[in-house]
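Heads up, the thing below is written out as structure tokens.
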Amino acid sequence: MSHLGSRLSALVDGRLPPAALERALAHVADCPVCAAELRAARAAREALAQARDVEPAPDLTARLLGLACAPPADRSTALGRRSAEGPAPRDPIADRVVGGRRLPGHALRGEVGRRGRPGRAVVGSLAGAGVLAAGLFALGARPPVVPWDHPGEALDLLAHVPAAGSTSGAPGVAAGTVAGAVPAGTVVRAGLGLPAGGTSGATSGATTDLATSTAWLRAHDWSVPAELPEGWAVAGWRWSGASDEVLVVDLVGPGGATAVLVEQQGVLDLAALTGVAQEDLGGRPVHVLTDEPLHAVWQSGDCVVQLVAPSADVAAELVAAVPARAFDDGVAARLTRGWSTVTAVLDAP
Numbered sequence: 011m012s013h014l015g016s017r018l019s020a021l022v023d024g025r026l027p028p029a030a031l032e033r034a035l036a037h038v039a040d041c042p043v044c045a046a047e048l049r050a051a052r053a054a055r056e057a058l059a060q061a062r063d064v065e066p067a068p069d070l071t072a073r074l075l076g077l078a079c080a081p082p083a084d085r086s087t088a089l090g091r092r093s094a095e096g097p098a099p100r101d102p103i104a105d106r107v108v109g110g111r112r113l114p115g116h117a118l119r120g121e122v123g124r125r126g127r128p129g130r131a132v133v134g135s136l137a138g139a140g141v142l143a144a145g146l147f148a149l150g151a152r153p154p155v156v157p158w159d160h161p162g163e164a165l166d167l168l169a170h171v172p173a174a175g176s177t178s179g180a181p182g183v184a185a186g187t188v189a190g191a192v193p194a195g196t197v198v199r200a201g202l203g204l205p206a207g208g209t210s211g212a213t214s215g216a217t218t219d220l221a222t223s224t225a226w227l228r229a230h231d232w233s234v235p236a237e238l239p240e241g242w243a244v245a246g247w248r249w250s251g252a253s254d255e256v257l258v259v260d261l262v263g264p265g266g267a268t269a270v271l272v273e274q275q276g277v278l279d280l281a282a283l284t285g286v287a288q289e290d291l292g293g294r295p296v297h298v299l300t301d302e303p304l305h306a307v308w309q310s311g312d313c314v315v316q317l318v319a320p321s322a323d324v325a326a327e328l329v330a331a332v333p334a335r336a337f338d339d340g341v342a343a344r345l346t347r348g349w350s351t352v353t354a355v356l357d358a359p
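Okay, here's the thing in structure tokens:
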């Protein structure tokens, strides 16, 4: 039995839909581990809600105003004192000329003058670079993802696959294309050319190439098929989750068959899959959570991919279409992901 995992936070914040909320509460009633985590999360939020702002000292404002009103140092007094004492005595040795160039007195006496330390600037630069690298390394970490395990959620996904019209999944629809077109006025996500969501529509009279969406998704660390199996097409796509962090792709195939790909950037939480059977589908080792409908989950690059399909044969074809990539948690990969996170935040409107 898997635990709630990342859904626990949504449960505490009241962001779960009614059906998922009922299933989560039923799971908590039977799982002491999740019940303890739920109590701890609620206690932490209650403690934060009761915390008060730290009030400054009563005399803080007066002391700051006193610093601002302090009179500046009188430099004229120091200059007058130096003029009254007369010029500094001259050093006869220092007045000598060696090689046509007047040398300072401390050089002729063998004294070593104080020099600047360029090493301090180098050390400061290295320290700043180290702090930046540490920050990017931390941002490059991926959160653990716990897949759902209730058959009702898989059936609900298949039931809400939008109708793709007369052309979707029928002969004549080329593999690797989106049947129909994106509806007029579709909002472009992040200004990068990928619609925020859409369904196929035969009435628009146009066809959107899946390669355009695939290029954007792959450039942003999503694992999507470059080409779908013969007879399959994309009926629609949408962003789900509390922060639109989950990509949902609805697929239609021959004979009206439907399937759903769900992707979320992160690392598959294998600890939550203890006891779940692992099978080979499409040449990939996947964890099979349910058989009817078939619900499989596996890691593909930086994404956790979940597939809901009517049968194992259909699932094998679709699993093989998803790129086979291993998750890279090395230093270079984490720095690259961290930098991508920073640039995405800076480019956001």
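In terms of our numbering, the sequence shown opens at residue 11 and continues consecutively.
Virtual Cβ for every residue (Gly too), placed ideally from N, Cα, C.
Beta-bridge pairing of residue i - partner residues as DSSP gives them
{"i": "Trp361", "result": "It is not possible to answer for residue 361, since the shown part of the chain is limited to 11 through 359."}
{"i": "Trp242", "result": "Answer is none; Trp242 lacks a bridge partner."}
{"i": "Ser250", "result": "Val256"}
{"i": "Leu291", "result": "Arg294"}
{"i": "Cys313", "result": "Gln275 and Ser310"}
{"i": "Pro154", "result": "Val277"}
{"i": "Ala330", "result": "Beta-bridge pairing links Ala330 to no other residue."}
{"i": "Leu304", "result": "Asp301 and Ala319"}
{"i": "Ala262", "result": "Here residue 262 is Val; the residue named in the question, Ala, does not match the sequence. Looking at the DSSP assignment, Val262 forms a beta bridge with Ala243 and Thr268."}
Inter-residue Cα distance where the pair is residue i and residue j
{"i": "Val132", "j": "Trp249", "result": "46 Å"}
{"i": "Ala281", "j": "Pro153", "result": "14 Å"}
{"i": "Leu70", "j": "Leu77", "result": "11 Å"}
{"i": "Ala39", "j": "Leu18", "result": "13 Å"}
{"i": "Pro27", "j": "Arg52", "result": "19 Å"}
{"i": "Ala143", "j": "Gly340", "result": "13 Å"}
{"i": "Ala267", "j": "Arg49", "result": "43 Å"}
{"i": "Cys313", "j": "Val277", "result": "7 Å"}
{"i": "Leu334", "j": "Ala29", "result": "Here residue 334 is Ala; the residue named in the question, Leu, does not match the sequence. Answer to the nearest angstrom: the Cα atoms are 34 Å apart."}
{"i": "Gly265", "j": "Ala236", "result": "23 Å"}
{"i": "Ala45", "j": "Asp159", "result": "18 Å"}
{"i": "Glu163", "j": "Glu327", "result": "22 Å"}
{"i": "Ala243", "j": "Gly140", "result": "47 Å"}
{"i": "Ala20", "j": "His37", "result": "14 Å"}
{"i": "Pro320", "j": "Leu58", "result": "46 Å"}
{"i": "Val234", "j": "Ala331", "result": "8 Å"}
{"i": "Asp279", "j": "Ala336", "result": "15 Å"}
{"i": "Asp23", "j": "Ser135", "result": "43 Å"}
{"i": "Ser12", "j": "Ala34", "result": "12 Å"}
{"i": "Val286", "j": "Glu47", "result": "22 Å"}
{"i": "Ala72", "j": "Ala54", "result": "37 Å"}
{"i": "Leu251", "j": "Glu65", "result": "Contrary to the premise, residue 251 reads as Gly rather than Leu in this sequence. Taking the straight line from one Cα to the other gives about 38 Å."}
{"i": "Trp308", "j": "Ala137", "result": "40 Å"}
{"i": "Gln288", "j": "Cys41", "result": "23 Å"}
{"i": "Thr284", "j": "Leu345", "result": "31 Å"}
{"i": "Leu67", "j": "Ala342", "result": "As written in the sequence, residue 67 is Ala, which differs from the Leu given in the question. For Ala67 and Ala342, the distance between alpha carbons rounds to 47 Å."}
{"i": "Ala229", "j": "Glu56", "result": "41 Å"}
{"i": "Ala61", "j": "Arg294", "result": "50 Å"}
{"i": "Val155", "j": "Asp254", "result": "15 Å"}
{"i": "Arg25", "j": "Leu31", "result": "9 Å"}
{"i": "Leu165", "j": "Leu14", "result": "19 Å"}
{"i": "Pro161", "j": "Asp323", "result": "19 Å"}
Residue i, buried or exposed, once every other Cβ within 10 Å from all chains shown has been counted against 16
{"i": "His297", "result": "buried"}
{"i": "Ser310", "result": "buried"}
{"i": "Glu240", "result": "exposed"}
{"i": "Gln316", "result": "buried"}
{"i": "Gly246", "result": "buried"}
{"i": "Leu74", "result": "exposed"}
{"i": "Val43", "result": "exposed"}
{"i": "Gly3", "result": "In the structure as shown, the chain starts at 11 and stops at 359, and residue 3 therefore has no counterpart that could be examined."}
{"i": "Gly292", "result": "buried"}
{"i": "Leu204", "result": "Summary for Leu204: the model assigns pLDDT 41, below 50, so the residue's position carries little reliability; its value from the coordinates is reported in the next sentence. Label assigned to Leu204: buried."}
{"i": "Pro157", "result": "buried"}
{"i": "Ala306", "result": "buried"}
{"i": "Ala269", "result": "buried"}
Whole-number beta carbon distance between residue j and residue i, since they are thought to touch under 8 Å
{"i": "Asp231", "j": "Gln274", "result": "11 Å between Cβ atoms; not a contact."}
{"i": "Val272", "j": "Val256", "result": "6 Å"}
{"i": "Leu304", "j": "Ala325", "result": "5 Å"}
{"i": "Asp301", "j": "Val171", "result": "Rounded, the Cβ-Cβ distance is 20 Å, inconsistent with contact."}
{"i": "Leu227", "j": "Val318", "result": "No, Leu227 and Val318 are not in contact; Cβ-Cβ is about 19 Å, not under 8 Å."}
8 Å Cβ cutoff, residue i in contact with chain D
{"i": "Glu240", "result": "Protein chains in the displayed structure number just one, and chain D is not present."}
Checklist entry - Could you give the uninterrupted runs of the alpha helix (DSSP H) lying entirely in the segment 12–70, keeping only those of 4 residues or more? => result Annotation note: the segment 12–70 contains the following uninterrupted alpha helix (DSSP H) runs of length 4 or greater, listed N- to C-terminal: 17–23, 28–40 and 42–60.
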